[in-house]
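Numbering (UniProt numbering), first residue to last: 1 to 253.
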């Protein structure tokens, strides 16, 4: 839920070109502290580009992006980015991957380093990974690798979670499990979530706000009435809302 309307991310008049083609034009977006947003849109509208700009991986041609009222210059340790391709190192075990992420987030704070094993084990247990702590990526299922990537992204207690279709390659049962973990951990951290997806059901489950990115880079923002309903995808109202939003996507996208 939005934290007393305090802005975390302020995207102001941002434009971005790639190989001479305009991907985003004069885009404006406010992301509030503690809120969750699902970003949907047709292929080629710039969803992943927007995430990369906010993460600091790329620079806009025009405009500015501020996080906590500071213009971003490169990446920041308080931002966690979860890619569609998980980028787990084959030579690192589950425990080593998560430990390294925590060490990097605490690299300037010596006082926090003695607590690393305890913190890692606690999060691994919470995500059902503790028994897999000494396993390598090629010994894990797709869902287990996904949970490892999630643990790696969460261990530094980020204030901003950027996720680019992280569940797209999973089967439906595993996907639902990961979706629940993402939602639970986002709410626990009080972090802001911006989640890119092509799946309308997923968008409704994870975003209290739905952002439709249109061709040309303009945004259309919608409130999601299903987000706070406990029954979630078990209700008829959920699927009725899916249909309405899909129609809007066709109209606005």
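Glycine included, each C-beta is placed from N, C-alpha and C at the ideal position.
Note that this is a predicted model, so its numbers are computed, not measured.
Check, Outcome
"Kindly list the residues whose CB is nearer than 7 Å to the CB of residue 246, restricted to its own chain and excluding five residues on each side of it in sequence; keep chain order.", "200"
"With three or more C-beta pairs closer than 8 Å as the rule, is the segment 173-193 touching the segment 34-49?", "yes"
"For residue 200, which three-state DSSP category applies?", "helix"
"Would residue 178 and residue 146 qualify as a contact pair, given that the criterion is a beta-carbon distance under 8 Å?", "yes"
"Check this for me: beta carbons of residue 174 and residue 142, under 8 Å apart or not?", "yes"
"Going by the beta-carbon positions, is the gap between residue 155 and residue 120 smaller than 8 Å?", "yes"
"My assumption, with CB atoms under 8 Å, is that residue 217 sits in contact with residue 24. Please give the rounded CB distance.", "4 Å"
"Output the boundary residues of the beta strand (DSSP E) element that contains residue 82.", "79-82"
"So, do the segment 128-139 and the segment 52-69 have three or more beta carbon pairs nearer to each other than 8 Å?", "no"
"CB-CB under 6 Å to residue 163, same chain, minus the five flanking residues each way: which ones, in chain order?", "82 and 195"
"Excluding five sequence neighbours on each side, which residues of the same chain lie with their C-beta closer than 6 Å to the C-beta of residue 258?", "Lying outside 1 to 253, the shown extent of the chain, residue 258 is not represented and no answer is given."
"In three-state DSSP terms, what is residue 115?", "helix"
"What's the gap between the Cα of residue 151 and the Cα of residue 54?", "21 Å"
"With distances taken from CA atoms, which of 75, 56 and 127 is nearest residue 184?", "127"
"Going by DSSP, what residue range makes up the beta strand (DSSP E) through residue 62?", "62-67"
"For residue 163, which residues does DSSP report across the bridge?", "82 and 195"
"Using the Cα positions of residue 202 and residue 8, report the straight-line distance between them to the nearest angstrom.", "23 Å"
"Excluding five sequence neighbours on each side, which residues of the same chain lie with their C-beta closer than 8 Å to the C-beta of residue 232?", "205, 226 and 238"
"Across which residues does DSSP place residue 223 in a beta bridge pair?", "209"
"Quick one: what's got a C-beta closer than 6 Å to residue 167's C-beta in the same chain, skipping five residues either side?", "175 and 178"
"Are there 16 or more other CB atoms within 10 angstroms of the CB of residue 57, so buried, or fewer, so exposed?", "exposed"
"Taking the C-alpha atoms as reference points, what is the distance between residue 221 and residue 10?", "15 Å"
"Taking the CB atoms as reference points, tell me whether residue 254 and residue 17 lie closer together than 8 Å.", "Given that the chain is displayed from residue 1 to residue 253, the structure contains no residue 254 and the question cannot be resolved."
"Please list the terminal residues of the continuous alpha helix (DSSP H) segment that includes residue 52.", "47-55"
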